[in-house]
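Participant: Under the working numbering, think of the first position of the sequence shown as 5, with each following residue one higher.
From the three backbone atoms N, C-alpha and C, an ideal C-beta is built for every residue, glycine too.
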Amino acid sequence: MGTKSHTNAVLETLTGWSQSADRHCREANIAVQFDIPRKLWMDKLANAGQNPEIAVNDHFIVGHVLLSCSARPEPIQAGLRQLIKQFGFTLLFESTRPSWQKNSLFWQVAMLPIDVFSLSDRLFRLAVAMERQTDVRVASLSHLHVIYEANTVDELRRDLDVSHPFFASSAAFAYAQTADAPHGYRRLGAAGLLVDGGETSASSVETLVYDNGYSLLEAAALVLTPETVPSPPRPYSRCIVASLDHEAIWLAETEGALWRTESFSRIFITTEPYGDNVEPLPPGRPLALVRSAAGSLLWLEGTRFRQEVNARLSNRRTPRLPVTF
Numbered sequence: 005m006g007t008k009s010h011t012n013a014v015l016e017t018l019t020g021w022s023q024s025a026d027r028h029c030r031e032a033n034i035a036v037q038f039d040i041p042r043k044l045w046m047d048k049l050a051n052a053g054q055n056p057e058i059a060v061n062d063h064f065i066v067g068h069v070l071l072s073c074s075a076r077p078e079p080i081q082a083g084l085r086q087l088i089k090q091f092g093f094t095l096l097f098e099s100t101r102p103s104w105q106k107n108s109l110f111w112q113v114a115m116l117p118i119d120v121f122s123l124s125d126r127l128f129r130l131a132v133a134m135e136r137q138t139d140v141r142v143a144s145l146s147h148l149h150v151i152y153e154a155n156t157v158d159e160l161r162r163d164l165d166v167s168h169p170f171f172a173s174s175a176a177f178a179y180a181q182t183a184d185a186p187h188g189y190r191r192l193g194a195a196g197l198l199v200d201g202g203e204t205s206a207s208s209v210e211t212l213v214y215d216n217g218y219s220l221l222e223a224a225a226l227v228l229t230p231e232t233v234p235s236p237p238r239p240y241s242r243c244i245v246a247s248l249d250h251e252a253i254w255l256a257e258t259e260g261a262l263w264r265t266e267s268f269s270r271i272f273i274t275t276e277p278y279g280d281n282v283e284p285l286p287p288g289r290p291l292a293l294v295r296s297a298a299g300s301l302l303w304l305e306g307t308r309f310r311q312e313v314n315a316r317l318s319n320r321r322t323p324r325l326p327v328t329f
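1. Please classify Ala175 as buried or exposed, where buried requires at least 16 other C-beta atoms within 10 Å of its C-beta.
2. Starting from the N-terminal side, write out each stretch of the beta strand (DSSP E) that is 3 residues or longer and does not extend beyond the segment 6 to 88.
3. Verify whether the separation of the beta carbon atoms of Asp39 and His149 is less than 9 Å.
4. Let's see if you can read the secondary structure: which residues bound the beta strand (DSSP E) around Gln311?
5. Below 8 Å CB to CB, which residues in the same chain sit around Val282 once its five sequence neighbours on both sides are set aside?
6. Could you tell me which of Gly193, Asp163, Leu212 and Trp254 sits nearest to Ala331, measuring between CA atoms?
7. Counting only the same chain and skipping the five closest in sequence on each side, list residues whose C-beta sits under 6 Å from that of Phe110.
8. Find out if the Cβ-Cβ distance for the pair Thr275, Val157 is shorter than 9 Å.
9. Of all the options Ala178, His10, His250 and Phe170, which has the alpha carbon lying nearest to the alpha carbon of Ala297?
10. Per the DSSP calculation, Arg101 is bridged to which residue(s)?
11. Note down, in chain order, each residue of its chain lying with its Cβ closer than 7 Å to the Cβ of Val233, except the 5 sequence neighbours on either side.
12. By Cβ distance below 7 Å, which residues in the same chain neighbour Ser269 in space, the five residues on each side in sequence not counted?
13. Can you tell me which of the three DSSP states Asp371 falls into?
14. Count the other C-beta atoms from every protein chain shown that fall within 10 angstroms of the C-beta of Asp215, then say buried if there are 16 or more, exposed otherwise.
15. Among the residues of its own chain, which have a CB less than 6 Å from the CB of Lys89, if the five just before and after it don't count?
16. Buried or exposed: Asn51, going by 16 or more other Cβ atoms within 10 Å of its Cβ?
17. Quick one, which of Ser267, Thr17, Arg308 and Ser318 has its alpha-carbon nearest Arg161's?
18. Buried or exposed: which applies to Asp200, given that a residue is buried once 16 or more other Cβ atoms fall within 10 Å of its Cβ?
19. Take Glu312 and list the residues in its own chain whose beta-carbon comes closer than 6 Å to its own, dropping the five residues that flank it on each side.
20. On the premise that Asn107 lies in contact with Cys73, defined as a C-beta separation below 8 Å, what is that separation, rounded to the nearest angstrom?
21. Count Cβ pairs between the segment 116 to 130 and the segment 54 to 68 that sit closer than 8 Å; are there 3 or more?
22. Since Glu259 and Pro284 are thought to touch, with beta carbons under 8 Å apart, how far apart are those beta carbons, to the nearest angstrom?
23. CB Leu220 to CB Leu255, shorter than 9 Å?
24. Determine, using beta carbons only, whether Val209 and Ala223 come nearer to each other than 9 Å.
25. Is it true that the CB of Gln137 sits closer than 9 Å to the CB of Ile58?
26. Does the separation of the CB atoms of Pro41 and Asp165 fall below 9 Å?
27. Count the other CB atoms within 10 Å of the CB of Leu301; is the residue buried (16 or more) or exposed (fewer)?
28. Classify Ala315: buried if its beta carbon has 16 or more other beta carbons within 10 angstroms, exposed otherwise.
29. If you run the structure through DSSP and keep just helix, strand and coil, what is Asp158?
30. For Leu116, collect the residues of the same chain with a Cβ closer than 8 Å to its Cβ; drop the 5 residues on either side in sequence, then sort them by chain order.
31. Tell me whether Ser269 sits in a helix, a strand or coil according to DSSP, three-state version.
32. State the start and end residues of the unbroken beta strand (DSSP E) segment that holds Leu291.
33. When you compare only the Cα positions, how much space is there between Arg49 and Arg310?
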């Protein structure tokens with residue numbers, strides 16, 4: 005399980021980064037992907053009369069769903085419960101409360117799969133099926149991560165879950181929108197994040213991952229490849245950042261688009277320099293992070309990244325596409 009101190013450090017860094025840059029935040033500007041806070045969920049399940057040990061099951065799933073207040077929530081939730089059952093999941097917990105987003109409700113669910121076959125794929129397809137209803141948006145639906153959203157960092161810190169003493173995470177992937185930032189975020193898969201300037205096709209990455217069985221790093225090497233033809237100068241720094249399941253990747257497309265700050269116990273990567281010992285990520289040279297099921301971390305950069313991706317692709321029966329990193 006993660007620690008509360010790590011969660012606090014991430015939130016404090018996010019707060020400091022926003023304040024130091026004199027941010028003027030607009031709505032829908034904060035999104036943070038955490039590991040499922042399992043200690044918190046042990047408490048939630050116990051209070052709901054469920055076995056709290058279910059929360060430490062590797063296949064325990066948490067979903068964050070936003071429901072528009074323009075329609076009655078009860079019929080929508082009834083339809084979503086039916087979908088959950090159809091996709092082979094057993095609903096264990098649900099709660100509804102006001103959302104950070106105006107005119108919407110936050111529906112939080114927890115469930116277990118009847119079987120674990122193609123679990124990540126089924127969760128993604130369940131999220132897509134849920135969102136076929138126009139009054140539904142899935143923030144996250146995963147056995148690994150949860151995504152919390154807010155208007156400001158302070159609002160996020162006051163969230164009922166995030167402010168709980170049992171809320172703890174061992175990793176975080178955060179996005180903070182600024183008033184003049186050229187980047188935006190989208191959900192990738194069922195509980196990942198994709199941050200870019202809008203040029204990247206999330207569906208292209210998802211097709212490679214869920215239809216063809218590629219990992220995020222393989223899909224990134226094939227889809228997020230820098231253009232071979234020089235593009236015209238842009239008035240802003242470009243970057244592509246993605247996180248999905250146990251992998252994450254950062255790619256600066258222009259000088260100064262991403263910065264890495266490393267301390268004794270933590271590494272922060274931001275779109276602007278923050279803190280001491282900060283250095284820019286070289287343009288066109290991806291930095292990737294792979295986390296094992298046991299929690300160990302493997303950083304891949306430059307040659308190591310190319311070697312890892314080429315090794316993975318060479319083991320596939322499908323023809324290997326060129327990787328130009």
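Facilitator: Quick answer:
1. buried
2. 34 to 39 and 65 to 72
3. yes
4. From DSSP, Gln311 is part of no beta strand (DSSP E) but of the alpha helix (DSSP H) over Thr307 to Ser318.
5. Trp263, Arg264 and Thr265
6. Past the boundaries of the shown model lies residue 331; the chain is included only from 5 to 329, so the question cannot be answered.
7. Arg101 and Ser103
8. no
9. His250
10. Phe110
11. Low local confidence applies: a pLDDT of 37 at Val233 is under 50, so the model's placement there is unreliable, with the coordinate-based value given in what follows. A distance below 7 Å between beta-carbons, with the five flanking residues on each side excluded, links Val233 to no residue of its chain.
12. none
13. Outside the displayed range of the chain (5 to 329) lies residue 371, so it cannot be described from this structure.
14. exposed
15. If we look at Lys89 and ignore the five residues flanking it on each side, it has no Cβ neighbours.
16. By the neighbour-count definition (other C-beta atoms within 10 Å, threshold 16), Asn51 is an exposed residue.
17. Thr17
18. Counting of Cβ neighbours within 10 angstroms places Asp200 among the buried residues, the total reaching 16 or more.
19. The answer, listed in chain order, is Leu304.
20. 5 Å
21. yes
22. Contact between Glu259 and Pro284 holds, with the beta-carbon distance rounding to 7 Å and staying under 8 Å.
23. no
24. yes
25. no
26. Pro41 places its beta carbon less than 9 Å from that of Asp165.
27. exposed
28. exposed
29. helix
30. Ile58, Asn61, His63, Phe64, Ile65, Phe93, Thr94 and Leu96
31. coil
32. For Leu291, the enclosing beta strand (DSSP E) starts and ends at Leu291 to Arg295.
33. The sequence shown places Leu at residue 49, not Arg. Rounded to the nearest angstrom, the two C-alpha atoms are 44 Å apart.
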